[in-house]
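K.L.:
The end of the sequence shown is residue 261 by full-length UniProt numbering, with every number in the run present.
Built from N, CA and C at the ideal position, the CB exists for glycine as well.
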Amino acid sequence: PAGAGGLVVDKLVVKYGGHTAVNQISLTAPPRGLIGLIGPNGAGKTTTFNACTGLLRPTGGRVSFFGDEITDEAPHQRAQRGIGRTFQRMELFDSLSVRENVALGREGGMAGSRPLRHLRSSRSDAAKVREAAESALAQCGIEALADRRPADLSTGQRRLVELARCIAGGFRIMLLDEPSSGLDKAETVVFGQILRSLIADRGVGILLVEHDMALVMSVCDYLYVMDFGQPIFDGTPAEVRESEIVRAAYLGSE
Ligand code: ATP
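1) Should G112 be counted as a contact of the ligand ATP given a C-beta to heavy atom distance under 8 Å?
2) To the nearest angstrom, report how far apart K18 and G176 are at their CA atoms.
3) Looking only at C-alpha atoms, which of L170, R254, H218 sits nearest to Q200?
4) Under the three-state reduction of DSSP, which class applies to R121: helix, strand or coil?
5) Does the beta carbon of Q31 fall short of 8 Å from some heavy atom of the ligand ATP?
6) Looking at the unbroken beta strand (DSSP E) that takes in D17, where does it start and where does it end?
7) If I measure Cβ to Cβ from Q31 and keep anything under 6 Å in the same chain, skipping five residues before and after, which residues do I get?
8) Taking C-alpha atoms, which residue in V168, E246, S204, E185 lies nearest to F100?
9) CB of M220 to nearest heavy atom of the ligand ATP: below 8 Å?
10) Give the list of continuous alpha helix (DSSP H) stretches no shorter than 4 residues that lie fully inside the segment 29-78.
11) Is the beta carbon of P65 within less than 8 Å of some heavy atom of the ligand ATP?
12) Looking at C-beta atoms only, is the number of pairs between the segment 233-246 and the segment 65-80 that lie closer than 8 Å three or more?
13) Between the beta-carbon of residue 7 and the beta-carbon of F94, is there less than 9 Å?
14) With 16 other CB atoms within 10 Å as the buried threshold, where does L258 fall?
15) Quick one, are the C-beta atoms of D208 and Q146 less than 9 Å apart?
16) Any heavy atom of the ligand ATP closer than 8 Å to the beta-carbon of T93?
17) Measuring alpha carbon to alpha carbon, tell me which residue in G49, G61, Q87 is nearest E80.
18) Take L202 as the anchor and find which of G148, R254, L160, T27 has the nearest alpha-carbon.
19) Given a threshold of 16 other Cβ atoms within 10 Å of its Cβ, counted over all protein chains shown, does D75 qualify as buried or as exposed?
20) What residues match up with D184 in a beta bridge as DSSP calls it?
Take a look at the structure:
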């Protein structure tokens with residue numbers, strides 16, 4: 008619900024040259040819960056994410072986080088406030104173990120795929136980083152993979168490593184961009200269960216961009232639907248499923 012805090016996007020507009028990729032999008036990711044942002048290919052979902060995390064500056068509208076306007080803040084400032092994200096295209100470091108990849112989420116926070124800063128940790132910091140990494144690995148059920156290299160894992164396992172890295176960051180709101188891409192049906196179901204347990208256990212907010220409708224419908228509390236950069240519908244998964252406007256948008260995109 009609007010005004011409830013968390014991440015609030017208000018009448019966001021993003022133009023690439025003369026092309027309006029996002030036009031008057033408003034949405035709220037509350038402090039706790041799972042919100043879906045869906046729409047056909049090219050609808051503007053990733054662009055909306057980029058404006059939320061500071062990878063691009065919007066042409067119009069505002070982004071706020073727990074009441075503070077952050078529209079013009081840099082990505083690292085937003086990460087420090089507690090906005091984390093994963094990317095459509097995974098960027099894990101194959102030179103590091105799974106545990107080290109996950110720990111990076113805590114050590115410096117990530118701006119895109121890049122660690123923001125390498126803190127020369129004191130001993131107690133190092134212990135905290137290790138603890139955060141172990142706890143995130145456990146949350147994703149991948150403790151057994153901790154010493155492996157990402158390159159040796161399946162896509163499904165790599166997706167979980169990426170999620171664990173974001174969890175280790177201790178963010179208040181996590182933006183996940185097509186996190187189930189490349190997963191099979193069974194892996195997608197497990198992934199959905201992990202997302203729900205994450206909210207139950209840690210009380211975080213998640214904003215999810217996802218093409219897998221079965222996943223979106225089963226895990227999200229509320230959905231925003233966009234098409235050609237425009238907001239076309241928002242409601243509960245049941246309401247979205249019944250919406251003629253949404254159906255038409257997806258049929259039109261096939
Ligand atoms: P998908 O589901 O396919 O990932 P999306 O909903 O995330 O799509 P965006 O990637 O945000 O959509 O793209 C929205 C529109 O903006 C598209 O028309 C796209 O071609 C255009 N676009 C995206 N990035 C750029 C860019 N850097 N420069 C110019 N146009 C862009």
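P.N.:
Result, derived from the coordinates:
1) For this step, residue 112 is matched to residue 105 along the sequence shown. No, Cβ of G112 sits at least 8 Å from all heavy atoms of the ligand ATP.
2) Within the sequence shown, residue 18 is the residue found at index 11, counting from 1. Within the sequence shown, residue 176 is the residue found at index 169, counting from 1. If you take the alpha carbons of K18 and G176, they lie about 29 Å apart.
3) By 1-based counting over the sequence shown, the position of residue 200 is 193. The option with the nearest alpha carbon to Q200 is L170.
4) Along the sequence shown, read from residue 1 onward, the residue named residue 121 stands at position 114. With a pLDDT of 49 at R121, under the threshold of 50, the predicted position of this residue should be treated as unreliable, and no value is reported.
5) Walking along the sequence shown from the start, residue 31 turns up at place 24. No, the Cβ of Q31 stays beyond 8 Å of every heavy atom of the ligand ATP.
6) As a working mapping, residue 17 is identified with position 10 in the sequence shown. Here the beta strand (DSSP E) through D17 covers 14-23.
7) Within the sequence shown, numbered from 1, the residue matching residue 31 stands at position 24. These residues qualify, in order along the chain: K18.
8) By 1-based counting over the sequence shown, the position of residue 100 is 93. The residue with the shortest Cα to Cα distance from F100 is V168.
9) Sequence index remark: in the sequence shown, residue 220 carries index 213 (1-based). Flag unset: Cβ of M220 not near the ligand ATP.
10) 52-60
11) Taking the first residue of the sequence shown as 1, we reach residue 65 at position 58. No; taking the cut-off as 8 Å, the Cβ of P65 has no heavy atom of the ligand ATP nearer than that.
12) no
13) Lying before the first or after the last residue shown, residue 7 is absent from the chain, which here runs from 8 to 261.
14) For the purposes of this step, residue 258 is identified with residue 251 of the sequence shown, where counting begins at 1. Exposed: under 16 other Cβ atoms inside 10 Å.
15) Residue numbering aside, residue 208 sits at position 201 when the sequence shown is read from its first letter. Residue numbering aside, residue 146 sits at position 139 when the sequence shown is read from its first letter. Yes, the Cβ-Cβ distance between D208 and Q146 is below 9 Å.
16) As a working note, residue 93 is residue 86 in the sequence shown. T93 Cβ: outside cutoff for every heavy atom of the ligand ATP.
17) The sequence position of residue 80 within the sequence shown is 73, counting from 1. It is G61 whose Cα lies nearest to the Cα of E80.
18) Mapped onto the sequence shown, residue 202 falls at position 195. Answer by Cα proximity: G148.
19) Translated into positions along the sequence shown, residue 75 becomes position 68. Flag for D75 reads exposed.
20) Translated into the one-based positions of the sequence shown, residue 184 becomes position 177. The partner list for D184 (beta bridge, DSSP) reads V216.
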